[in-house]
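So the sequence shown is residues 845 to 1437, counted in this note's numbering.
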Amino acid sequence: MSITNDIKLLTKKAIENLYNVSVDETAITVNLTKPEFEGDYTIVLFALVKSLKKSPDTLGNELGNYLTENYKELFQSYNLIKGFLNLVIADSYWIDFLSNSFNDTGFGKQDTSHKKVMVEYSSPNTNKPLHLGHLRNIFLGWSTAETLKATGNEVVKSCVVNDRGIHICKSMIAWQLFANGATPQSTHTKGDHFVGDYYVKFNDEYKIEVERMKAEGLSKEQAEKEAPIMKAAQEMLVDWEAGKPGVIELWSMMNSWVYEGFDETYKRIGADFNKVYYESQTYIMGKNYVDRGLQSGVFYKEDDGSVWIDLTSEGLDKKIVRRKDGTSVYITQDIGLAVDKYDEYKIDESIYVVGDEQNYHFKVLRFICEKLGLPYAKAIYHLSYGMVELPTGKMKSREGTVVDADDIVDEMVNIAKQKTEELGKVKDFTEEELSDLYETLGVGALKFFLLRVDPKKKMVFNPEESIDFHGFTGPFVQYTYARIKSILRKVNGQWSMVNGQQESLFPLEKEIIIQLEQFPSTTEEAATLFDPSKIALYVFDLAKTFNSFYAEHSIANAESEEKKQLRLMLAQLTAQVIQTGMHLLGIKVPERM
845 MSITNDIKLL TKKAIENLYN VSVDETAITV NLTKPEFEGD YTIVLFALVK SLKKSPDTLG
905 NELGNYLTEN YKELFQSYNL IKGFLNLVIA DSYWIDFLSN SFNDTGFGKQ DTSHKKVMVE
965 YSSPNTNKPL HLGHLRNIFL GWSTAETLKA TGNEVVKSCV VNDRGIHICK SMIAWQLFAN
1025 GATPQSTHTK GDHFVGDYYV KFNDEYKIEV ERMKAEGLSK EQAEKEAPIM KAAQEMLVDW
1085 EAGKPGVIEL WSMMNSWVYE GFDETYKRIG ADFNKVYYES QTYIMGKNYV DRGLQSGVFY
1145 KEDDGSVWID LTSEGLDKKI VRRKDGTSVY ITQDIGLAVD KYDEYKIDES IYVVGDEQNY
1205 HFKVLRFICE KLGLPYAKAI YHLSYGMVEL PTGKMKSREG TVVDADDIVD EMVNIAKQKT
1265 EELGKVKDFT EEELSDLYET LGVGALKFFL LRVDPKKKMV FNPEESIDFH GFTGPFVQYT
1325 YARIKSILRK VNGQWSMVNG QQESLFPLEK EIIIQLEQFP STTEEAATLF DPSKIALYVF
1385 DLAKTFNSFY AEHSIANAES EEKKQLRLML AQLTAQVIQT GMHLLGIKVP ERM
């Protein structure tokens, strides 16, 4: 339980004893005291004034007196500022908290929830490599899953691979037309990049054909519809769904190349999954549910044979669930995937980490599942996030203007190498140690920069800014951790316990301990909101406060042995919290740098 919860509980008891009135804890608001006022925590009185029929000053003084008189081990003093009761927490409380927590490697984790949750993220297409947009998705999904675990949930990390559909057929057709039998091995190309190149080649050839047909007198719309390469891709999709052996063989071969490439990237960025679904399998279940929905009247068939659902009464519109040629659309496989997830895991909540351009899609999916009477329809949650753009603007896969994940990771590691060498503090590192450090810093900077922003917001990714050792960055936090570990190594783990009866705290000592106490509640907030940026901001602020403290107060040459031991405990818990917090973001912290 956090100190804010303790204060709420004690305030509730005080009100009951003073006024013989029962109040709900949720009606009591406790905040950190604003920096310009004296105090640590503030009780907001306005919500209580009306029900208790007391003026703010009378209520504040009566509550303040009661709390400081009856709970002296917690409250040292109080003051009133215009309806706000500011409480000063006793130094002894903070010192005891530190003594009890500094060696707890599980500090910050809580058993507050007991749900079974699936978090689905990454969801790549097998026609192109992972790109910068995927990275925000993967980091957000992985961090959300880990944060949910840290608050007591049973979590299944999942990925659905979009390994079928017209976009896959485009790469396949282009390979048939232009590859002359080339493979990733023969061209020394990573498999996902190899296949992605043919997706771009398809689009290039498609543009040429459209322009030629327009020159021959066709309208733009006719040319786009009748272009031979597009018709070939559409025919291939029909053949694939019909199970034509030659098409299935080509599809399997090209997908295997892509999977090898994906696995290499996932390993490098530290992404993992407990379960991988494939659209080529889930869409079949979806097609079966389309048939059921037709029989029950949830769906209807148009004259051309296509199948639709009418959601206009729900404020949406009509949505196709099966094309006129019998092939599936995205929503078809998502219906099947929802069924598969629940049947296998009986999950309480199914979180889909997908960009905000799919907001409408997931509204439709949930309505369809509800209308089909599926029991888990209300468990569907779309964790929507904003797109990542570069300073130069949006990226487009089919035009080959995306930044591939592998390339951006390489760039980040190179920038980390350059910045670290400029600092000149790693001359005693071996080549292997340097390589590990650059990878840790580069990947850490990338993750931190993409996770530090509220997921709902769009963002611009700037590699140079993301790796500034003095800014709101991963390397700043990593450097603080390494600095603390260096301090602790010098004492060789020699500790003697300090208790709350010792010396009083200096302001910066107290500020850090207050921040440390808030870590479990910050983790819980991040899990509840599915928002890892709460943790990123927290660990950055903690690192900043520690650096301010260390600039002002010596640890090795503290004013007394008790002070030295207290500050060592403070450093130990700060390092532990930074390490745990950064882990929840998927970021490693170096022991030295």
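Note that the Cβ used here is the ideal one computed from N, Cα and C, for glycine as well.
Just so we're clear, the structure is a prediction, and the values are computed from it rather than from any experiment.
field: A1260 versus F881: straight-line alpha-carbon distance, rounded
entry: Taking the first residue of the sequence shown as 1, we reach residue 1260 at position 416. Taking the first residue of the sequence shown as 1, we reach residue 881 at position 37. When rounded, the distance between both Cα atoms is 41 Å.
query: Near H978, what residues of its chain come up, given a Cβ to Cβ distance below 8 Å and the 5 sequence neighbours on each side ignored?
result: Taking the first residue of the sequence shown as 1, we reach residue 978 at position 134. Counting only Cβ-Cβ distances below 8 Å, and skipping sequence neighbours, we find S966, P968 and A1249.
message: So, for Y937: in the same chain, excluding its five sequence neighbours on each side, which residues have a beta-carbon less than 6 Å away from its beta-carbon?
response: The count along the sequence shown starts at 1 and reaches residue 937 at position 93. Hits under 6 Å: L918.
task: Enumerate in chain order the residues of its own chain whose CB-to-CB distance from K1300 is below 8 Å, with the five nearest sequence positions on each side excluded.
output: As a first step, residue 1300 must be located in the sequence shown, where it is residue number 456. Within the same chain, K1300 has close Cβ partners D1200, S1228, Y1229 and G1230.
- request: Output the distance between the C-alpha atoms of H1427 and W986, rounded to the nearest integer angstrom.
  value: Numbered from its first residue, the sequence shown carries residue 1427 at position 583. Numbered from its first residue, the sequence shown carries residue 986 at position 142. Whole-angstrom Cα-Cα distance: 11 Å.
message: How far does the beta strand (DSSP E) with M962 in it extend, from its first residue to its last?
response: Reading the sequence shown from its first residue, position 118 is the one you call residue 962. Start and end: K960 to E964.
field: Runs of alpha helix (DSSP H) wholly within the stretch 922-1009 (minimum 4 residues, chain order)
entry: 935-945 and 976-994
- prompt: Beta-carbon separation of V1383 and G952 under 8 Å?
  reply: Against the sequence shown, residue 1383 aligns to sequence position 539. Against the sequence shown, residue 952 aligns to sequence position 108. No, the pair does not count as a contact, with Cβ atoms beyond the cut-off.
field: V1120, DSSP secondary structure in three states
entry: The residue you call residue 1120 lines up with position 276 of the sequence shown. In this structure, V1120 counts as strand in the three-state DSSP scheme.
- request: Within its chain, find whatever has a CB closer than 6 Å to the CB of Q1177; leave out the 5 residues flanking it on each side and keep chain order.
  value: For the purposes of this step, residue 1177 is identified with residue 333 of the sequence shown, where counting begins at 1. Around Q1177: E1123, T1126, Y1127 and G1130.
- request: Determine the closest residue to V1183 out of V1197, L1209, R1167 and G1040, with distance taken between C-alpha atoms.
  value: Position 339 of the sequence shown, counted from the first residue, corresponds to residue 1183. Cα-wise, what sits closest to V1183 is L1209.
message: Let's see if you can read the secondary structure: which residues bound the beta strand (DSSP E) around I1195?
response: Counting from 1 along the sequence shown, the entry for residue 1195 is found at position 351. Segment E1193 to G1199, the beta strand (DSSP E) holding I1195.
query: Any idea what DSSP makes of F1384, helix, strand or coil?
result: Counting from 1 along the sequence shown, the entry for residue 1384 is found at position 540. Helix, per DSSP.
query: Under 8 Å, do L924 and G950 count as touching if we go by C-beta distance?
result: Here residue 924 refers to the residue found at position 80 when the sequence shown is read from its first residue. Here residue 950 refers to the residue found at position 106 when the sequence shown is read from its first residue. Going by C-beta atoms, L924 is not nearer than 8 Å to G950.
- request: Pick helix, strand or coil for N790, following the three-state DSSP scheme.
  value: The structure shown has nothing for residue 790, since the chain only spans 845 to 1437.
- prompt: For D1057, which residues from the same chain have a beta carbon less than 7 Å from its beta carbon, with the 5 sequence-adjacent residues on both sides left out?
  reply: Translated into the one-based positions of the sequence shown, residue 1057 becomes position 213. Sequence check: residue 1057 is Met here, not Asp. Counting only Cβ-Cβ distances below 7 Å, and skipping sequence neighbours, we find A1067, E1070 and A1071.
- prompt: Per the contact definition of three or more C-beta pairs closer than 8 Å, is the stretch 1253-1272 in contact with the stretch 1324-1336?
  reply: no
- prompt: Does the beta-carbon of R1333 have 16 or more other beta-carbons within 10 angstroms, so that it is buried, or is it exposed?
  reply: As a working mapping, residue 1333 is identified with position 489 in the sequence shown. Per the 10 Å Cβ criterion, exposed.
CB contact flag (D850, I1358, <8 Å): The count along the sequence shown starts at 1 and reaches residue 850 at position 6. The count along the sequence shown starts at 1 and reaches residue 1358 at position 514. No, the pair does not count as a contact, with Cβ atoms beyond the cut-off.
field: Runs of alpha helix (DSSP H) wholly within the stretch 1227-1310 (minimum 4 residues, chain order)
entry: 1249-1267, 1275-1295 and 1307-1310
task: Would you grab the beta carbon distance between L1414 and L942 for me? Rounded to a whole angstrom, and I think it's under 8 Å.
output: Position 570 of the sequence shown holds residue 1414. Position 98 of the sequence shown holds residue 942. About 6 Å separates the two Cβ atoms, so the contact holds.
- prompt: Given that a residue counts as buried once 16 or more other Cβ atoms are within 10 Å of its Cβ, and exposed if not, what is F1393?
  reply: In the sequence shown, residue 1393 corresponds to position 549, counting from 1. With 16 or more other Cβ atoms within 10 Å, it is buried.
message: Pull the bridge partners of D850 from the DSSP assignment, please.
response: The count along the sequence shown starts at 1 and reaches residue 850 at position 6. In DSSP, D850 forms no bridge with anything.
- prompt: Which runs of the beta strand (DSSP E), 3 residues or longer, sit entirely within the stretch 1023-1087?
  reply: none
- request: Output yes or no for whether 8 Å exceeds the beta carbon distance between T886 and F928.
  value: As a first step, residue 886 is located in the sequence shown; it is residue number 42 there, counting from the start. As a first step, residue 928 is located in the sequence shown; it is residue number 84 there, counting from the start. Going by C-beta atoms, T886 is nearer than 8 Å to F928.
field: Assigned exposure category for Q1322 - 16 Cβ within 10 Å defines buried
entry: Position 478 of the sequence shown, counting from 1, holds the residue named residue 1322. Classification for Q1322: buried.
- request: Indicate the three-state DSSP secondary structure (helix, strand or coil) for N875 in the structure shown.
  value: In the sequence shown, residue 875 corresponds to position 31, counting from 1. The answer is strand: DSSP assigns N875 an E or B state.
task: Using alpha carbons as the reference points, say which of D1298, L1294 and F1313 lies closest to N1306.
output: Sequence index remark: in the sequence shown, residue 1306 carries index 462 (1-based). Ranking D1298, L1294 and F1313 by Cα distance to N1306 puts L1294 first.
query: Under a Cβ-count criterion, where at least 16 other Cβ atoms within 10 Å of its own Cβ denotes burial, should T1156 be classed as buried or exposed?
result: Mapped onto the sequence shown, residue 1156 falls at position 312. It is exposed - the Cβ of T1156 has fewer than 16 other Cβ atoms within 10 Å.
query: Since I1175 is in the alpha helix (DSSP H), which residue starts that stretch and which ends it?
result: If you number the sequence shown from 1, residue 1175 lands on position 331. Looking at the DSSP string, the run of the alpha helix (DSSP H) that includes I1175 is Y1174 to Y1189.
- request: Determine, using beta carbons only, whether L889 and L903 come nearer to each other than 8 Å.
  value: To locate residue 889, count along the sequence shown from 1; it is residue 45. To locate residue 903, count along the sequence shown from 1; it is residue 59. Yes, Cβ-Cβ distance for L889 and L903 is below 8 Å.
6 Å CB neighbourhood of G1244 in its chain, flanking five on each side removed: Here residue 1244 refers to the residue found at position 400 of the sequence shown. The predicted model places G1244 with a pLDDT of 48, which falls under 50 and marks its position as unreliable; any figure quoted below should be read in that light. Excluding residues within five positions, the ones whose Cβ falls inside 6 Å are V1044.
- prompt: Residue range of the beta strand (DSSP E) that R1436 falls in?
  reply: Your numbering for residue 1436 matches position 592 in the sequence shown. Run containing R1436: none; DSSP gives neither H nor E here.
message: Are the CB atoms of V1151 and R1136 within a distance shorter than 8 Å?
response: One-based indexing of the sequence shown puts residue 1136 at position 292. One-based indexing of the sequence shown puts residue 1151 at position 307. No; because the gap between Cβ atoms is not below 8 Å, this pair is not in contact.
message: Between the alpha carbons of I1052 and M1074, how many angstroms are there, rounded?
response: Numbered from its first residue, the sequence shown carries residue 1052 at position 208. Numbered from its first residue, the sequence shown carries residue 1074 at position 230. Whole-angstrom Cα-Cα distance: 12 Å.
task: Can you give me the start and stop residues for the alpha helix (DSSP H) that Y1110 sits inside?
output: Residue 1110 sits at position 266 when you count from the first residue of the sequence shown. Residues P1089 to I1113.
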